[in-house]
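J.:
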Amino acid sequence: MRAHLKQKALKLRKEGWSYSVIKRRTGVPKSTLSNWLGNLPYRPNSEVRKSMKEGPLRSAVMRRKAKIRNTREIKTSAARELGKLSKRDKWMLGLGIYMGEGSKTHDNIRVINSNPEIIKSAVKWFSDICDVPLENFGIRVHSYPDIDEKECRAYWSKVSGIPLSQFFKSHIDTRTNKSVSKKHKLQYGTAHLIIKSCGKIKFGVILHRRIMGWIEEAYKQMRV
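Sequential numbering of the sequence shown, starting at 1, is according to the UniProt record's numbering.
1. At which residues does the alpha helix (DSSP H) containing R58 begin and terminate?
2. Just list the residues that DSSP pairs A191 with in beta bridges.
3. Roughly how many angstroms separate the alpha carbons of D107 and G204, rounded to a whole number?
4. Just to confirm, are G138 and I211 a CB contact at a threshold of 9 Å?
5. Can you give the Cα-Cα distance for F168 and L57, rounded to whole angstroms?
6. Touch check for the stretch 63-72 and the stretch 28-45: three-plus C-beta pairs under 8 Å?
7. Going by beta carbon distance, what residues of the same chain come within less than 8 Å of L93, once the five residues before and after it are set aside?
8. Excluding sequence positions up to five away, which residues of its chain have a Cβ less than 7 Å from the Cβ of K8?
9. Please classify residue 227: does DSSP put it in a helix, a strand, or coil?
10. Alpha helix (DSSP H) containing D89: first to last residue?
11. How many angstroms separate the CA atom of K30 from the CA atom of Y188?
12. Considering only the alpha carbon of each residue, which of V123, A66, H4 and I129 lies closest to A191?
13. Quick check: what's the CA-CA separation for S46 versus L33?
14. Within its chain, find whatever has a CB closer than 8 Å to the CB of S179; leave out the 5 residues flanking it on each side and keep chain order.
15. On a Cα-Cα basis, can you pick out the residue from L134, W36, E135 and K150 that is closest to V141?
16. Would you list the one or two residues that DSSP bridges to H171?
17. Assuming contact is defined by CB atoms lying nearer than 9 Å, are I195 and R110 in contact in what I supplied?
18. Using a threshold of 9 Å, state whether the C-beta atoms of L164 and R153 are closer than that.
19. Do you know how far the Cα of V21 is from the Cα of V28?
20. Could you work out which residue in K87, S114 and M222 is closest to S127 when comparing CA atoms only?
21. In angstroms with no decimal places, state the Cα-to-Cα distance between W36 and R13.
22. Over the uninterrupted alpha helix (DSSP H) stretch that includes R24, give me the two end residues.
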């Protein structure tokens with residue numbers, strides 16, 4: 001029986017099959033196959049060569065699938081950890097956005113970003129937490145010469161829910177170094193979300209100073 005398996009293994013090896021294939025067809029361990037076939041000249045057949053060529057690609061695909069699966073599992077677990085946000089949670093989350101992306105000077109209230117989720121969250125925060133009416137919102141689009149301005153304005157209007165009639169004149173950055181570095185990177189430019197007082201001081205200077213008071217107190221407590 002062993003002699004028969006060895007002959008079968010020799011035949012398969014001469015046909016250009018790999019140890020993995022021979023093991024699968026004979027049931028003989030690779031260590032034994034190595035002893036039997038180690039001194040035999042080996043030239044992979046076309047099927048083995050194809051498999052060797054495609055192997056790295058298959059491995060890359062498998063690694064990518066594993067990464068996607070792992071990322072999905074971690075994000076699902078993280079979502080459970082976070083749980084449902086309370087109104088205070090949303091207040092602090094919006095404050096964090098303003099701390100990072102909002103204007104801190106000249107009593108101007110604005111959030112600047114190219115990420116639609118940041119702009120949407122900021123609009124929600126100003127509306128729900130700061131009680132800012134829709135008519136007090138405005139947007140100025142900052143874009144570049146290679147970007148379609150009309151398309152940008154329509155995009156940010158859809159993202160924010162702010163009508164185009166409340167948009168300010170767009171700013172087109174024509175500086176050569178900036179235009180080159182940002183080319184094709186910011187498809188819809190950057191949105192400058194602006195809160196207008198519309199003659200009501202509570203949505204102007206007072207709101208800005210309240211926000212700055214929240215931020216200063218948050219910084220103070222984070223240092224404790």
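Backbone N, C-alpha and C fix where the C-beta goes; we use that ideal spot for every residue, glycine too.
For clarity, every value in this text was computed on a predicted model and none was experimentally measured.
T.: Taking the definition as stated:
1. Here the question's residue 58 lines up with position 58 in the sequence shown. Its alpha helix (DSSP H) spans residues S46 to L82.
2. One-based indexing of the sequence shown puts residue 191 at position 191. The partner list for A191 (beta bridge, DSSP) reads N113 and V141.
3. The count along the sequence shown starts at 1 and reaches residue 107 at position 107. The count along the sequence shown starts at 1 and reaches residue 204 at position 204. Taking the straight line from one Cα to the other gives about 7 Å.
4. The count along the sequence shown starts at 1 and reaches residue 138 at position 138. The count along the sequence shown starts at 1 and reaches residue 211 at position 211. No.
5. In the sequence shown, counting from the first residue as 1, residue 168 sits at position 168. In the sequence shown, counting from the first residue as 1, residue 57 sits at position 57. Rounded to the nearest angstrom, the two C-alpha atoms are 50 Å apart.
6. no
7. Walking along the sequence shown from the start, residue 93 turns up at place 93. Excluding residues within five positions, the ones whose Cβ falls inside 8 Å are L85, S121 and W125.
8. Taking the first residue of the sequence shown as 1, we reach residue 8 at position 8. These residues qualify, in order along the chain: T26.
9. An answer regarding residue 227 cannot be provided, because it is not within the stretch 1 to 224 covered by the chain.
10. If you number the sequence shown from 1, residue 89 lands on position 89. Run containing D89: K87 to E101, per the alpha helix (DSSP H) assignment.
11. As a working mapping, residue 30 is identified with position 30 in the sequence shown. As a working mapping, residue 188 is identified with position 188 in the sequence shown. K30 and Y188: Cα-Cα distance of roughly 58 Å.
12. To locate residue 191, count along the sequence shown from 1; it is residue 191. Selected option, being the one with the closest Cα: V123.
13. Taking the sequence shown and counting its residues from 1, one reaches residue 46 at position 46. Taking the sequence shown and counting its residues from 1, one reaches residue 33 at position 33. Each residue's alpha carbon lies about 21 Å from the other.
14. For the purposes of this step, residue 179 is identified with residue 179 of the sequence shown, where counting begins at 1. No answer about S179 holds up, because its pLDDT of 48 lies below 50 and its placement is not dependable.
15. Looking up residue 141 in the sequence shown gives position 141. Selected option, being the one with the closest Cα: K150.
16. Counting from 1 along the sequence shown, the entry for residue 171 is found at position 171. Per DSSP, H142.
17. Taking the sequence shown and counting its residues from 1, the one referred to as residue 195 is at position 195. Taking the sequence shown and counting its residues from 1, the one referred to as residue 110 is at position 110. The answer is yes: Cβ separation under 9 Å.
18. Taking the sequence shown and counting its residues from 1, one reaches residue 164 at position 164. Taking the sequence shown and counting its residues from 1, one reaches residue 153 at position 153. Their beta carbons are under 9 Å apart, which means L164 touches R153 by this criterion.
19. Within the sequence shown, the letter at position 28 stands for residue 28. Within the sequence shown, the letter at position 21 stands for residue 21. Approximately 10 Å, taken between the alpha carbons.
20. Locating residue 127 in the sequence shown gives position 127, counting from the first residue. Measuring from the Cα of S127, the nearest candidate turns out to be K87.
21. The residue you call residue 36 lines up with position 36 of the sequence shown. The residue you call residue 13 lines up with position 13 of the sequence shown. Using only the alpha carbons, I get a separation of about 10 Å.
22. Here residue 24 refers to the residue found at position 24 of the sequence shown. Residues Y19 to T26.
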